[in-house]
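Comments concern the structure below.
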Amino acid sequence: MLVTYEDIRNDESIKCYITEADKALSALGYTEHSFPHVVKAATMAEMILLTLNYPKRTAELAKIAGYMHDIGNIVNRIDHAQSGAVMAFRLLDRMGMDPAEIAMVISAIGNHDESTAAAVNPIAAALILADKTDVRRSRVRNQDFASFDIHDRVNYAVEESKIYFNEDHSAIILDLKIDTSISAVMDYFEIFLGRMMLSRKAAEFLNISFELVINGQRLL
Numbered sequence: 001m002l003v004t005y006e007d008i009r010n011d012e013s014i015k016c017y018i019t020e021a022d023k024a025l026s027a028l029g030y031t032e033h034s035f036p037h038v039v040k041a042a043t044m045a046e047m048i049l050l051t052l053n054y055p056k057r058t059a060e061l062a063k064i065a066g067y068m069h070d071i072g073n074i075v076n077r078i079d080h081a082q083s084g085a086v087m088a089f090r091l092l093d094r095m096g097m098d099p100a101e102i103a104m105v106i107s108a109i110g111n112h113d114e115s116t117a118a119a120v121n122p123i124a125a126a127l128i129l130a131d132k133t134d135v136r137r138s139r140v141r142n143q144d145f146a147s148f149d150i151h152d153r154v155n156y157a158v159e160e161s162k163i164y165f166n167e168d169h170s171a172i173i174l175d176l177k178i179d180t181s182i183s184a185v186m187d188y189f190e191i192f193l194g195r196m197m198l199s200r201k202a203a204e205f206l207n208i209s210f211e212l213v214i215n216g217q218r219l220l
């Protein structure tokens, strides 16, 4: 059975797990991981593969993986990628998705977290890039600037965030405008260097390069 992205978006169980997982992360003090994040990750993962001329269905599977990638946070933040992959298997199997497609989706979900991530297939590579480059002010929940930790400061300092390909599609670029009066550029690297290195490896898997531009200066 062909399970589409719209089928996934309209599934009430998946909506529930995304909502409740984000509530759990909120209680732990994490930034937003709800629908704005997963929809952005889904859309970006699809865009990456379409731009690189992968089949439309492969790109749609990346979109599905992007939408479902954080549901494992309802179990625990630790090993949430693996928990999410197991949950996604059961959900997609119930919906009748082809086993070969399930395999690609759950492999991507299970390999997206920094501690265990690996670009094991194009869908996983696209998901890593889409997920790790979602840095923006609107993800900060804490409204008390005086009590910001470094994660809050770094995300809140990002005034603009764009991800795009260069003209010949040989590189994908994360372009940030950071208010350095809120967070120094070095603070960004302290928090996100692992994510940026992972993004570089994911890009290499797709035979492109990854570039980081902050305040008009290329840093990677």
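The UniProt record's numbering numbers the first residue of the sequence shown as 1 and each following residue consecutively.
The C-beta atom is built at its ideal place from N, Cα and C for all residues, glycine as well.
One or two residues paired with residue i in a DSSP bridge
i: Gln82; result: None; Gln82 has no bridge partner.
i: Leu212; result: Leu174
i: Arg218; result: Val213
Where residue i falls, given that 16 or more other Cβ within 10 Å makes a residue buried
i: Ser170; result: exposed
i: Leu198; result: buried
i: Arg153; result: buried
i: Pro122; result: buried
i: Lys132; result: buried
i: residue 221; result: Any answer about residue 221 is impossible in this case: the structure gives the chain only from 1 up to 220.
i: Glu60; result: buried
i: Asp134; result: buried
i: Leu174; result: buried
i: Thr150; result: Correcting the residue type first, residue 150 is Ile in the shown sequence and not Thr. Exposed is the call here.
i: Leu28; result: exposed
Cβ separation of residue i and residue j, assumed to be a contact under 8 Å, to the nearest whole Å
i: Ala126; j: Leu49; result: 5 Å
i: Arg139; j: Glu32; result: 4 Å
i: Ile109; j: Ala65; result: 6 Å
task = Please list the segments of the beta strand (DSSP E) lying wholly inside the stretch 115-200, counting only runs of 3 or more residues, in order along the chain.
result = 158-165 and 171-178
key: Cβ pair count under 8 Å reaching 3, the stretch 203-210 against the stretch 186-195   = no
query = Which residue spans inside the stretch 37-88 form an unbroken beta strand (DSSP E) run of at least 3?
reply = none
ask   = Between the stretch 101-115 and the stretch 79-90, do at least 3 Cβ pairs fall closer than 8 Å?
value = yes
request  = Would you check if the stretch 88-103 and the stretch 111-120 touch, i.e. whether three or more CB-CB distances between them fall below 8 Å?
outcome  = no
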